[in-house]
Amino acid sequence: MLRRIFSFTGITGLVVTLAGLFFLIFGGWLLALGGSPYYLPAGLLFTLSGVLIIARRPAGFWLYLFAFVVTLIWSLWEVGLDGWKLMPRLFGFALLGLWCCLPWITRPLFGARGARGARRTASASSLIYLLVLAGIFVTGWRVSAQRFVQDNPFPAASAPAPDHNDRDWRYYGRTPEGDRFSPASQITPQNVSKLQPAWEFHTGDLAKKFETEKGREYNFEVTPTKVGNRLYICTPHRHVIALEATSGKKIWEYDPKNNTSANEYLACRGVAYYDAPQSQACPHRIITTTADARMIALNADNGQLCNDFGNKGIVSLTDNMGKVPAGFHFITSQPLVMKDRLVLGGWVYDNQTRGEPSGVVRAYDPVSGKLAWAWDLGKTNPTAPLQPGETWTRGTPNAWGSYTADARLGLIYLPLGNATPDYYGAQRPAYDDRYSSSIVALDIETGEERWHYQTVHHDVWDFDVPIGPSLVDLPQADGSSLPALVQTTKMGQLFMLDRRTGQPLAQVTEKTVPTSVHLPGEHLSPTQPYSQGMPTLAPRDLTERDMWGATPFDQLMCRVQFHQYRYQGQYTPPALDTNIAYPAFDGVVDWHGASIDPAHHLLIANTSYIPFTVEGMRSAEAIKKGLMKPWQGWDSKGPYPKPKSFSVGPEYGTPYAAVVKPWLSVLGAPCNAPPWGKLVAIDLASKKIVWQRPVGTTRDMNIFSTHNNVPLPTGMFSIGGNIITASGLIFMGATADDYLRAFDEKTGHELWKARLPAGGQATPMTYVGDDGRQYVVIAAGGHGGLGTRSGDAVMAYALPKQQD
Numbered sequence: 001m002l003r004r005i006f007s008f009t010g011i012t013g014l015v016v017t018l019a020g021l022f023f024l025i026f027g028g029w030l031l032a033l034g035g036s037p038y039y040l041p042a043g044l045l046f047t048l049s050g051v052l053i054i055a056r057r058p059a060g061f062w063l064y065l066f067a068f069v070v071t072l073i074w075s076l077w078e079v080g081l082d083g084w085k086l087m088p089r090l091f092g093f094a095l096l097g098l099w100c101c102l103p104w105i106t107r108p109l110f111g112a113r114g115a116r117g118a119r120r121t122a123s124a125s126s127l128i129y130l131l132v133l134a135g136i137f138v139t140g141w142r143v144s145a146q147r148f149v150q151d152n153p154f155p156a157a158s159a160p161a162p163d164h165n166d167r168d169w170r171y172y173g174r175t176p177e178g179d180r181f182s183p184a185s186q187i188t189p190q191n192v193s194k195l196q197p198a199w200e201f202h203t204g205d206l207a208k209k210f211e212t213e214k215g216r217e218y219n220f221e222v223t224p225t226k227v228g229n230r231l232y233i234c235t236p237h238r239h240v241i242a243l244e245a246t247s248g249k250k251i252w253e254y255d256p257k258n259n260t261s262a263n264e265y266l267a268c269r270g271v272a273y274y275d276a277p278q279s280q281a282c283p284h285r286i287i288t289t290t291a292d293a294r295m296i297a298l299n300a301d302n303g304q305l306c307n308d309f310g311n312k313g314i315v316s317l318t319d320n321m322g323k324v325p326a327g328f329h330f331i332t333s334q335p336l337v338m339k340d341r342l343v344l345g346g347w348v349y350d351n352q353t354r355g356e357p358s359g360v361v362r363a364y365d366p367v368s369g370k371l372a373w374a375w376d377l378g379k380t381n382p383t384a385p386l387q388p389g390e391t392w393t394r395g396t397p398n399a400w401g402s403y404t405a406d407a408r409l410g411l412i413y414l415p416l417g418n419a420t421p422d423y424y425g426a427q428r429p430a431y432d433d434r435y436s437s438s439i440v441a442l443d444i445e446t447g448e449e450r451w452h453y454q455t456v457h458h459d460v461w462d463f464d465v466p467i468g469p470s471l472v473d474l475p476q477a478d479g480s481s482l483p484a485l486v487q488t489t490k491m492g493q494l495f496m497l498d499r500r501t502g503q504p505l506a507q508v509t510e511k512t513v514p515t516s517v518h519l520p521g522e523h524l525s526p527t528q529p530y531s532q533g534m535p536t537l538a539p540r541d542l543t544e545r546d547m548w549g550a551t552p553f554d555q556l557m558c559r560v561q562f563h564q565y566r567y568q569g570q571y572t573p574p575a576l577d578t579n580i581a582y583p584a585f586d587g588v589v590d591w592h593g594a595s596i597d598p599a600h601h602l603l604i605a606n607t608s609y610i611p612f613t614v615e616g617m618r619s620a621e622a623i624k625k626g627l628m629k630p631w632q633g634w635d636s637k638g639p640y641p642k643p644k645s646f647s648v649g650p651e652y653g654t655p656y657a658a659v660v661k662p663w664l665s666v667l668g669a670p671c672n673a674p675p676w677g678k679l680v681a682i683d684l685a686s687k688k689i690v691w692q693r694p695v696g697t698t699r700d701m702n703i704f705s706t707h708n709n710v711p712l713p714t715g716m717f718s719i720g721g722n723i724i725t726a727s728g729l730i731f732m733g734a735t736a737d738d739y740l741r742a743f744d745e746k747t748g749h750e751l752w753k754a755r756l757p758a759g760g761q762a763t764p765m766t767y768v769g770d771d772g773r774q775y776v777v778i779a780a781g782g783h784g785g786l787g788t789r790s791g792d793a794v795m796a797y798a799l800p801k802q803q804d
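According to the UniProt record's numbering, the sequence shown is numbered sequentially starting from 1.
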């Protein structure tokens, strides 16, 4: 008997039996939860088939084929001819069925007398399995192609490109308007395939081991600042490096020697540049910040401190902030410099406790470093100067993303986050509910508010506005133009507003959302604003059929979890159990925002679709589980007791805690079906989608982190933005498969791609160098949250040099 079990046939039968038993047990559980009835009878069929194969009965072969055909019919009924959704349902069983057709399995089953019939049976059956395997890939590619939809005609240019300086890139969005559009046109859709590496620079600044453990993130997200023939970059450890733009040669490097040991999150998305002719010692300045909350002015020519700025070149950003534990406050995005104002907010280690450091937004004189104004929404007069001994209001929503501005209107646009703790809002003051998750327009010279517009009411989902809006002038029927802005959001909604007044230019409707309160004391808004006048980038609500996995077994477990967890759609209220959050705090569009072609009035956005789980529990339970430690509040002595991992939100000062994680299967695959990422083009004049397509492949996504998976074009998660050039190209890294790509702006077709040495989770930029060549540059250092390859490279690409 043991010899039979440990033969090829016996082991095959054992595998089939175990698969069937798994389906029986967990399929029965799923059915009891109200889920699909398929798994229970399928489990019975596979179990009986496996037992018969172990016993070397031909009926086992036939029963397996029958069970597979039943599975095929059920799969087609559930998801149709969608190869990527069929894959976890059929791929593994088709491979196992193909194995069952091999001679060393069929001979013991059918015996010597039935050898000829066995061969015919095996050949016919194997053909079925092979056709299904081929069909999965064929329909998968076809589905990806079908999702690549040209919905409307590409809009004609109705305005000239407003800026013909193709040599500089001074802001995150190239200009303060945040459009990320370059007038450079040397690289075109016709010659982009000839792009090749021009230079490669390695910063030498790599993550320390503890900085990538327990959910901590170390992310190289910088977009270089380009002025003259120099690029200026910052690393996650906040080194500032000046490079020669045409060769990548290092000119100087500044190490702020900041202590990053307490930081749970390390990222620097860029530095600011300022011309200060009134300063003879430091006329050209790089303004940077540190991971320990300092602001520094450097001489752009040599990297030396500007001694006339602050205290010998340094301004403390914790002044008048009260108690700020190490790692609790720093700036991730570059400050915005305009009209002799240097404006910044900051990142706060959110979801930790009530009364965290203030979200105050401050403006400084970029020459002296003196405070020009501060906007503190917790005060009756938000711009009133502090009195002696007074501090900025603690716990107010912070504006941590990149800001944008309109120089003509003199307005700066703040992307405001939600108040902390993020997932429990019962104790928030009234001003938090008025301002959290809003766009706020301030007079850049005085800090006075002109208007604000809220995108989420009483935000208990961490739906921060993650970046300032992109500005665009929309053509009108009378030939004039209307100053507008378009705000991307984590929810996938696009809000189009008049940037002078904050009034919607596309219809916004208040729609009823779930309000079942499961946390005592909590109150939820009965409605939320939906921008119905603009195309939505939001995913549709999940159903059980949308569940995915690397195999049929982890997909089944995702189905069980789907029925176990609470889910009522996008605004599912937090509770003392596990919720599905989709979209979640990483959002459909996160800190990178969208690009705008100002000539064609086209918006380009890359989107991500991955659900998270939010597990709510009482503080005492979280302490008992070792997720957090007791803490008596800000008056406690000793260091702040950080939680067990970055995913744990202790929410001190409330009765609750929250654990927020990506919703992945037991094998690490997403629990929702692809596409996981798209690139979308929207005509802002007609307010219609022009085209959309999945972007990114599974090349670097697998459960063993070997970065050599089959590159299925499912679309992938992305962190980092895209840029547009006047020649009609879109450049984008961002995806979790470590490529930089170029797309045709008119059609969305991929025209070129280059394999990066590490994850390209940054927004690229482009410029024309002093040698007359156009360069495309991206930071390739990886992202801890996406699990992409880590590194320290800055990559530049250009067309081949012309031969003399």
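Built from N, CA and C at the ideal position, the CB exists for glycine as well.
In three-state terms, what does DSSP make of L133? Numbered from its first residue, the sequence shown carries residue 133 at position 133. Annotated three-state conformation of L133 is helix, per DSSP.
How would you call Q761, buried or exposed, if buried means at least 16 neighbouring beta carbons within 10 angstroms? Locating residue 761 in the sequence shown gives position 761, counting from the first residue. Q761 should be labelled buried.
In chain order, what residues of the same chain have a beta carbon less than 8 Å from the beta carbon of D804, not counting five sequence neighbours either side? Numbered from its first residue, the sequence shown carries residue 804 at position 804. Confidence at D804 is low in this model, with a pLDDT of 46, below 50, so the placement of that residue should be treated as unreliable; the coordinate-derived value is given next. So the list is empty, once near-sequence residues are dropped.
Look at P224 and V777 and say whether their C-beta atoms are less than 8 Å apart. The residue you call residue 224 lines up with position 224 of the sequence shown. The residue you call residue 777 lines up with position 777 of the sequence shown. At the C-beta level, P224 and V777 come within 8 Å of one another.
Should F495 and S531 be called a contact, given that it needs their Cβ atoms to be closer than 8 Å? Within the sequence shown, residue 495 is the residue found at index 495, counting from 1. Within the sequence shown, residue 531 is the residue found at index 531, counting from 1. Their beta carbons are under 8 Å apart, which means F495 touches S531 by this criterion.
First through last residue of the beta strand (DSSP E) which encompasses H458: What you label residue 458 is simply residue 458 of the sequence shown in a count that begins at 1. First-last for H458: undefined, no H or E at that position.
Cutoff 8 Å; reference L170; Cβ partners in own chain excluding five residues on either side: Residue mapping note: residue 170 aligns to position 170 of the sequence shown, counting from 1. In the sequence as presented, Leu is not what sits at residue 170; that position holds Arg. Correct list, in chain order: T225, K226, V227 and Y273.
If A575 and P611 are in contact, beta carbons under 8 Å, what's the gap, nearest whole angstrom? For the purposes of this step, residue 575 is identified with residue 575 of the sequence shown, where counting begins at 1. For the purposes of this step, residue 611 is identified with residue 611 of the sequence shown, where counting begins at 1. Going by Cβ atoms, the distance from A575 to P611 rounds to 16 Å, so no, they are not a contact pair.
Among E615, K687, G60 and D597, whose alpha-carbon lies nearest the alpha-carbon of T47? Counted from its first residue, the sequence shown places residue 47 at position 47. Nearest option by C-alpha distance: G60.
Quick one: measure Cβ to Cβ for S333 and G401, integer angstroms, because I've assumed they're closer than 8 Å. Here residue 333 refers to the residue found at position 333 of the sequence shown. Here residue 401 refers to the residue found at position 401 of the sequence shown. So it is a contact: roughly 6 Å between Cβ atoms.
Spatial neighbours of L551 within its chain, please: CB distance less than 7 Å, with the 5 preceding and 5 following residues excluded, ordered by chain position. Mapped onto the sequence shown, residue 551 falls at position 551. With the sequence shown as reference, residue 551 is identified as Thr, and Leu is not the correct amino acid for it. The residues are P88, G92 and L667.
Tell me the DSSP secondary structure of A798 in three-state form. Mapped onto the sequence shown, residue 798 falls at position 798. Here A798 sits in strand by DSSP.
Local conformation of M716 per DSSP, three classes: The sequence position of residue 716 within the sequence shown is 716, counting from 1. Looking at M716 - three-state DSSP - the assignment turns out to be coil, as it is neither helix nor strand.
Would you say W548 and N418 are within 8 Å of each other, going by their C-beta atoms? As a first step, residue 548 is located in the sequence shown; it is residue number 548 there, counting from the start. As a first step, residue 418 is located in the sequence shown; it is residue number 418 there, counting from the start. No, the pair does not count as a contact, with Cβ atoms beyond the cut-off.
On the three-pair Cβ rule with 8 Å, is the segment 52-59 touching the segment 630-639? Using a C-beta cut-off of 8 Å, the segment 52-59 makes no contact with the segment 630-639, since fewer than three inter-stretch Cβ pairs fall below that distance.
Which residue or residues does DSSP assign as beta-bridge partners of L442? Numbered from 1 along the sequence shown, position 442 holds the residue referred to as residue 442. For L442, which the question treats as bridged, DSSP gives the partners I412 and E449.
Report yes if the CB atom of W676 is closer than 8 Å to the CB atom of M716, and no otherwise. By one-based count along the sequence shown, residue 676 stands at place 676. By one-based count along the sequence shown, residue 716 stands at place 716. Result yes, Cβ atoms of W676 and M716 sit closer than 8 Å.
Where do the ends of the beta strand (DSSP E) carrying residue 835 lie? A question about residue 835 goes unanswered here, because the residues of the chain that appear run from 1 up to 804.
What are the partner residues of N299, as DSSP defines its beta bridges? By 1-based counting over the sequence shown, the position of residue 299 is 299. R285.
Reduced DSSP secondary structure (H/G/I, E/B, other) of D804: Taking the sequence shown and counting its residues from 1, the one referred to as residue 804 is at position 804. Residue placement at D804 is poorly supported in this model, since its pLDDT is 46, which falls under 50; the coordinates still yield a value, given next. The answer is coil: DSSP assigns D804 none of H, G, I, E or B.
Going by the DSSP bridge assignment, what does G649 pair with across the sheet? Taking the sequence shown and counting its residues from 1, the one referred to as residue 649 is at position 649. DSSP output for G649 lists A658 as bridge partner(s).
Would you kindly report the start and end of the unbroken alpha helix (DSSP H) that includes M732? Here residue 732 refers to the residue found at position 732 of the sequence shown. Note, M732: premise wrong, no alpha helix (DSSP H); beta strand (DSSP E) at L729 to M732.
Tell me the rounded alpha-carbon separation between L414 and I439. Counting from 1 along the sequence shown, the entry for residue 414 is found at position 414. Counting from 1 along the sequence shown, the entry for residue 439 is found at position 439. C-alpha separation (whole angstroms): 6 Å.
Contact the segment 477-492 vs the segment 366-376: 3+ CB pairs below 8 Å: no
N- and C-terminal bounds of the alpha helix (DSSP H) containing H563: Numbered from its first residue, the sequence shown carries residue 563 at position 563. The continuous alpha helix (DSSP H) containing H563 extends over residues P552 to Q564.
Should the segment 149-156 be regarded as contacting the segment 452-472, the criterion being three or more beta carbon pairs within less than 8 Å? no
Once the 5 residues before and after F646 are set aside, which same chain residues still bring their CB inside 8 Å of it? Looking up residue 646 in the sequence shown gives position 646. Here the set comprises K214, G215, R216, E217, E264 and Y265.
Could you tell me whether the Cβ atoms of D792 and F220 are closer together than 8 Å? Your numbering for residue 792 matches position 792 in the sequence shown. Your numbering for residue 220 matches position 220 in the sequence shown. A contact, by the Cβ cut-off of 8 Å.
Start-to-end residues for the alpha helix (DSSP H) that takes in V486: As a first step, residue 486 is located in the sequence shown; it is residue number 486 there, counting from the start. Looking at the DSSP string, V486 is not in any alpha helix (DSSP H); the run it does join, the beta strand (DSSP E), is S481 to Q487.
Other residues of its chain near F302: CB distance less than 8 Å, five sequence neighbours each side excluded: Working through the sequence shown from its first residue, we reach residue 302 at position 302. The sequence shown places Asn at residue 302, not Phe. Answer for N302: W252, listed in chain order.
Which residue comes first and which comes last in the beta strand (DSSP E) that contains V361? To locate residue 361, count along the sequence shown from 1; it is residue 361. First-last of the beta strand (DSSP E) with V361: V361 to Y364.
If we ignore side chains and look at the alpha-carbon of each, how far apart do N165 and N229 end up? The sequence position of residue 165 within the sequence shown is 165, counting from 1. The sequence position of residue 229 within the sequence shown is 229, counting from 1. Their Cα atoms are separated by approximately 13 Å.
Distance, H202 Cα to V240 Cα: In the sequence shown, residue 240 corresponds to position 240, counting from 1. In the sequence shown, residue 202 corresponds to position 202, counting from 1. So the alpha carbons of these two residues sit roughly 13 Å apart.
Any heavy atom of the ligand ZN closer than 7 Å to the CB of Q387? This structure does not include the ligand ZN; it has no bound ligands of any sort.
Have a look at the DSSP bridge pairing and note the partners of P670. Taking the first residue of the sequence shown as 1, we reach residue 670 at position 670. When beta bridges are read from the DSSP output, P670 appears opposite L664.
Can the beta-carbon of Q196 be found closer than 8 Å to that of Q774? In the sequence shown, residue 196 corresponds to position 196, counting from 1. In the sequence shown, residue 774 corresponds to position 774, counting from 1. For Q196 and Q774, no; Cβs fall outside 8 Å.
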